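Trainee: Here my numbering is used: the first residue of the sequence shown is 549, the next is one more, and so on.
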Amino acid sequence: MKHLDAMKLAATPCAWYAKAKGSKRKRQSEWLRRAAVETYFHGHYGAFDQTIATVNTPPAPSKQRRLDRLMLEFYLHPPQTLDEALRNRRHEHGLGECPSCGNPLMPDTLDHFLPKEHWPEFSILPNNLVPQCRDCAPHKGTRYYCGTNMRAMFVHPMYSAALASVRFRIDVSLHGGRPQFAIKISVKAGTSDTDMERIKLHLAKLHVRERIQTFCVRHWSHWREKVETLGIDIEVMFQGLVGPTVTSPNGRNWAMAFMKGVLRDADVLAALGKKPLLAPPPPEDTVELVWDGPGATGRSGGQQAGRSEKRTRPPKAGPATP
Ligand SMILES: [Zn+2]
Numbered sequence: 549m550k551h552l553d554a555m556k557l558a559a560t561p562c563a564w565y566a567k568a569k570g571s572k573r574k575r576q577s578e579w580l581r582r583a584a585v586e587t588y589f590h591g592h593y594g595a596f597d598q599t600i601a602t603v604n605t606p607p608a609p610s611k612q613r614r615l616d617r618l619m620l621e622f623y624l625h626p627p628q629t630l631d632e633a634l635r636n637r638r639h640e641h642g643l644g645e646c647p648s649c650g651n652p653l654m655p656d657t658l659d660h661f662l663p664k665e666h667w668p669e670f671s672i673l674p675n676n677l678v679p680q681c682r683d684c685a686p687h688k689g690t691r692y693y694c695g696t697n698m699r700a701m702f703v704h705p706m707y708s709a710a711l712a713s714v715r716f717r718i719d720v721s722l723h724g725g726r727p728q729f730a731i732k733i734s735v736k737a738g739t740s741d742t743d744m745e746r747i748k749l750h751l752a753k754l755h756v757r758e759r760i761q762t763f764c765v766r767h768w769s770h771w772r773e774k775v776e777t778l779g780i781d782i783e784v785m786f787q788g789l790v791g792p793t794v795t796s797p798n799g800r801n802w803a804m805a806f807m808k809g810v811l812r813d814a815d816v817l818a819a820l821g822k823k824p825l826l827a828p829p830p831p832e833d834t835v836e837l838v839w840d841g842p843g844a845t846g847r848s849g850g851q852q853a854g855r856s857e858k859r860t861r862p863p864k865a866g867p868a869t870p
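(1) Note down the Cα distance separating residue 819 from residue 725, rounded to an integer number of angstroms.
(2) Given a cut-off of 8 Å on the beta-carbon distance, is the pair residue 679 and residue 647 in contact?
(3) From residue 687 to residue 763, what does the alpha carbon distance come to, in whole angstroms?
(4) Is the beta carbon of residue 588 closer than 8 Å to that of residue 557?
(5) Which residues neighbour ligand 1 when neighbourhood means a C-beta less than 7 Å away from any of its non-hydrogen atoms? List them by chain order.
(6) Looking only at C-alpha atoms, which of 571, 643 and 802 sits nearest to residue 554?
(7) Near residue 727, what residues of its chain come up, given a Cβ to Cβ distance below 6 Å and the 5 sequence neighbours on each side ignored?
(8) According to DSSP, simplified to helix, strand and coil, what is residue 795?
(9) Grab the span of the beta strand (DSSP E) containing residue 679 for me, first residue to last.
(10) In whole angstroms, what is the alpha-carbon distance linking residue 734 and residue 779?
(11) Residue 793: which of 782, 777 and 811 sits nearest, CA to CA?
(12) Quick one: what's residue 736 bridged to in DSSP?
(13) So, with DSSP's three-state summary, where would you put residue 835?
(14) Below 8 Å, how does it come out for the segment 736-746 and the segment 588-598: are there three or more Cβ pairs, yes or no?
(15) At a cut of 8 Å, does the segment 752-761 reach the segment 689-707 through at least three beta carbon pairs?
(16) Less than 8 Å between the CB atoms is what I'm expecting for residue 677 and residue 658, so what's the real figure, rounded?
(17) Of the choices 832, 573, 757 and 600, whose alpha-carbon is the least far from that of residue 718?
(18) What residue range does the alpha helix (DSSP H) around residue 786 cover?
(19) To the nearest angstrom, how far is the alpha carbon of residue 513 from that of residue 787?
(20) Does DSSP put residue 660 in a helix, in a strand, or in coil?
(21) Which residues in the same chain have their Cβ closer than 6 Å to the Cβ of residue 552, if we skip the five residues on either side of it in sequence?
(22) Can you check whether the CB of residue 801 is closer than 8 Å to the CB of residue 716?
(23) Go ahead and label residue 598 buried or exposed: buried means 16 or more other beta carbons lie within 10 angstroms of its beta carbon, across all protein chains shown.
(24) With the cut-off set at 8 Å, would you say residue 627 and residue 571 are in Cβ contact?
(25) Assuming the contact rule is C-beta atoms closer than 8 Å, residue 669 and residue 619 should be a hit. Round their C-beta distance to whole Å, please.
(26) With distance defined between alpha-carbon atoms, name the residue in 761, 564, 549 and 831 nearest to residue 637.
(27) Using a 10 Å radius around the Cβ and a threshold of 16 neighbouring Cβ atoms, would you call residue 683 buried or exposed?
(28) Tell me, please, which residues DSSP counts as bridged to residue 728.
(29) How should residue 604 be labelled, buried or exposed, when 16 other C-beta atoms within 10 angstroms of its C-beta is the threshold for buried?
(30) Within the same chain, show all residues whose beta-carbon is closer than 6 Å to that of residue 731, passing over the 5 residues directly before and after it, in chain order.
Below, the structure is given as structure tokens:
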């Protein structure tokens, strides 16, 4: 999982507040241009970093609900420039795995780290919007503070590097011919006790261990089907995907840990269906399509296509004959 410190933007002045303030939504943006309102929001934004850092007490609840809900409106119905910024944060981050759980899929949702349902004033604050996978979303939901553990439930991937030290290990064994997956999660040596407790709570609240079990069962079926239908040499493929880190049993995400677990055991590899490659299919008999007009290329293709079009043009409709 990746530390997203590069995604952290200046909270004040907030570039996204400026986008909302400059929008054409006259009635709403006029509110944001009022000096007292701007001061109110920038006061909140200025305190955001401290709010995230204070993990042992719950954040102060929203006070000016009407004004706060105004920000929620800008998130739910953003003007064009703000909508572009939101879309970029949701999709253009270059992440190959969820920064909150290690799910090896490109995260395509935005999580309000301080849930917008309880703290709507942070609805469009960039640092409160974290890329997250769709499987984390229902577990995180509108939760933030855990009264039982007396601390924030989740670790913010932009404000803490703790999650980046998490490593997954999956030991695969066979019982009655069926695979069993033993999941171990570790952190880098030297991680503080506080960070370890926070990581454990974070991963537990997101049900990460249970979700890895489900992932392994599905992944096993997926690769078995690939072996059956495509004749993949699973050992060669996994070694290529894992690369030089094959010497370490740990993976930075679930897929890496799964592949390494399979590669460590010859019986497991055989059970997954290591098979010789199938003979390649014969080349298909095809004819290239050639287009006329600008950008057309190829041997006299344009001219021929033009003549062909003339021949196939339907005759002009004449007057109806009785
Ligand atoms: Zn996730």
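Virtual Cβ for every residue (Gly too), placed ideally from N, Cα, C.
These figures come from a predicted structure and were not determined experimentally.
Mentor: If we stick to the structure as given:
(1) The straight-line gap separating the alpha-carbon atoms of residue 819 and residue 725 is approximately 7 Å.
(2) Yes, Cβ-Cβ distance for residue 679 and residue 647 is below 8 Å.
(3) A direct Cα-to-Cα measurement between residue 687 and residue 763 gives close to 16 Å.
(4) When the beta-carbon positions are compared, residue 557 and residue 588 stay at least 8 Å from each other.
(5) Counting every residue whose Cβ lies closer than 7 Å to a heavy atom of ligand 1, we get 646, 648, 649, 651, 655, 680, 681, 683, 684 and 754.
(6) If we check each option's Cα against that of residue 554, 643 comes out closest.
(7) Once the five neighbours on either side are set aside, the close Cβ partners of residue 727 are 720 and 768.
(8) Here DSSP, grouped into helix, strand and coil, assigns residue 795 to helix.
(9) Looking at the DSSP string, the run of the beta strand (DSSP E) that includes residue 679 is 677-680.
(10) Inter-residue distance for residue 734 and residue 779 is about 35 Å (C-alpha atoms, whole angstroms).
(11) Nearest C-alpha to residue 793 among 782, 777 and 811: 811.
(12) Answer is none; residue 736 lacks a bridge partner.
(13) Here residue 835 sits in coil by DSSP.
(14) Too few Cβ pairs lie closer than 8 Å, so no.
(15) With contact defined as three or more Cβ pairs closer than 8 Å, the segment 752-761 and the segment 689-707 are in contact.
(16) That belief holds up - the Cβ atoms of residue 677 and residue 658 are roughly 5 Å apart, short of 8 Å.
(17) Nearest option by C-alpha distance: 757.
(18) Element bounds for residue 786: 782-790.
(19) The structure shown does not extend to residue 513, since the chain is modelled only from 549 to 870, so the question has no answer here.
(20) Correct three-state label for residue 660: strand.
(21) Only 647, 705 and 706 meet the Cβ criterion.
(22) Cβ atoms of residue 716 and residue 801: closer than 8 Å.
(23) Exposed is the call here.
(24) Yes.
(25) Contact between residue 669 and residue 619 holds, since their C-beta atoms are separated by about 6 Å, short of 8 Å.
(26) The residue with the shortest Cα to Cα distance from residue 637 is 564.
(27) It is buried - the Cβ of residue 683 has at least 16 other Cβ atoms within 10 Å.
(28) Residue 728 is bridged by DSSP to 721.
(29) Exposed.
(30) Excluding residues within five positions, the ones whose Cβ falls inside 6 Å are 718, 757 and 760.
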